Amino acid sequence: MMRDPDLLTFTLLALLTACRHDRAEDLGPAGPSVTPYELGRPYYFPELQIPADDPLTVEGIALGRRLYYDPILSTGGPLAGLSCSSCHNQSLSFSVPNNGPSVLPHVNLAWSRNFLWNGKVQGDLEDIMCFEVEEFFQVDLNVLRNHPVYPDRFRDAFGEVEITGTLVEKALAQWFRRLVSSNSRFDSYLRHEIEFTTSEFNGMMVFMTETGDCFHCHGIPLMTDNAFHNIGLDSAFTPADQGRYLVTGDPADLGAFKAPTLRNVALTAPYMHDGRFQTLEEVVEHYDSGVNPSPSLDPIMTKPGQLIHLGLNPMQKADLLAFLHTLTDDSFITDTALASPF
143 MMRDPDLLTF TLLALLTACR HDRAEDLGPA GPSVTPYELG RPYYFPELQI PADDPLTVEG
203 IALGRRLYYD PILSTGGPLA GLSCSSCHNQ SLSFSVPNNG PSVLPHVNLA WSRNFLWNGK
263 VQGDLEDIMC FEVEEFFQVD LNVLRNHPVY PDRFRDAFGE VEITGTLVEK ALAQWFRRLV
323 SSNSRFDSYL RHEIEFTTSE FNGMMVFMTE TGDCFHCHGI PLMTDNAFHN IGLDSAFTPA
383 DQGRYLVTGD PADLGAFKAP TLRNVALTAP YMHDGRFQTL EEVVEHYDSG VNPSPSLDPI
443 MTKPGQLIHL GLNPMQKADL LAFLHTLTDD SFITDTALAS PF
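FYI, in my numbering the residues of the sequence shown are 143 to 484.
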């Protein structure tokens, strides 16, 4: 067992001393008698920007949670019978268990300003919820308005009688801000609560240095830079593989997709935008020796001399995988407060 005493536990996080809170009270009340919700986050997480017109409240989060798990959102639409949770499984870090195209997990999205693999929706969580409510589920608001429970729940959360699409979006956005994962083994290491094994520590060194080159796109604490990168999955691009280019029209964005968070990555297979890799071992092999060149390949994928492979040895690969498993937050996937209220 070991803990590095010098500069690594550093910059990894010299910041850590306490837990800061984003207080909804500072943003003004959402209704006549709502209960402000205090969202705890580690000191080393970025400050959370919450829209002034949608402060976190106990009632709003409870409503958003119910809507997330209730197939009522899809009633009468093209996805009738499905809820958000029909696909996004808490035990898998709210990702989607399938063998086809991958879906980004619902975790720590409160710190994102662009959504979906190509970032076609930008702004606050309320903006992506607008897409989900109006385009994806095509919510029939009259079903909610005529429901025996929801009118009272909306009144409790927002102090308004009329259920509107905007209020549905606000409730869901509050719930998504509640989906914070910050209690993995890696977090415990950063807080000096545990020591890493030798393999985990060595894997962290591979991850955080040019040896593995992972940290450029997946830096701490969110384990994503929330930016778009062409990581050499392909040299030629079908429309499904053009990524960010379909949004910007910039040839430099061809094949670039959003860097997903690696928090709980061991739970979120399949990997990449098209789900082409079923295991983390396959992902590591891609970065080690499978990168394909193209004019839009992200410069961070090349090494001195324009090499596009890492050349890790078997031990380094095993250590890197051990570190990736320290990013699993068991408390997040088992928290009953995040489970179905039904």
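In this text, a Cβ means the ideal position worked out from N, Cα and C, and glycines have one as well.
Being a predicted model, the structure only gives us computed values, none of them experimental.
- V426 sits in a helix when the DSSP states are folded into three classes.
- Between P290 and F273, the alpha-carbon positions lie close to 26 Å from each other.
- Contact annotation: R297 and A204 have beta-carbon atoms that are not nearer than 9 Å.
- Taking a 10 Å sphere around the C-beta of S254, we find 16 or more other C-beta atoms and assign the residue as buried.
- DSSP places L469 in the coil class of the three-state scheme, outside both helix and strand.
- Proximity to L224 across N231, S233, Q232 and I214 peaks at I214, based on C-alpha coordinates.
- Per DSSP, reduced to three states, the secondary structure at P188 is coil, with no helix or strand assignment.
- For M414, the CB contacts under 7 Å within the same chain, skipping 5 residues up- and downstream, are S244 and L375 in chain order.
- By the Cβ test, the stretch 457 to 477 is in contact with the stretch 331 to 346, since at least three Cβ pairs between them sit closer than 8 Å.
- DSSP links F399 through a beta bridge to H371.
- Distances from the CA of R319 to each of K445, R207, R386 and K459 were compared; the closest alpha carbon is that of R207.
- A Cβ-Cβ contact shorter than 9 Å links F279 with L221.
- In this chain, the alpha helix (DSSP H) harbouring S227 covers C226 to C229.
- In the DSSP assignment, W253 falls outside any alpha helix (DSSP H) and carries neither an H nor an E.
- Shown here for I442: same chain residues with a beta carbon closer than 8 Å to its own, the five before and five after excluded, namely D355, H358, C359 and H371 in chain order.
- A residue is called buried when at least 16 other Cβ atoms come within 10 angstroms of its Cβ; V303 does not meet this threshold and is exposed.
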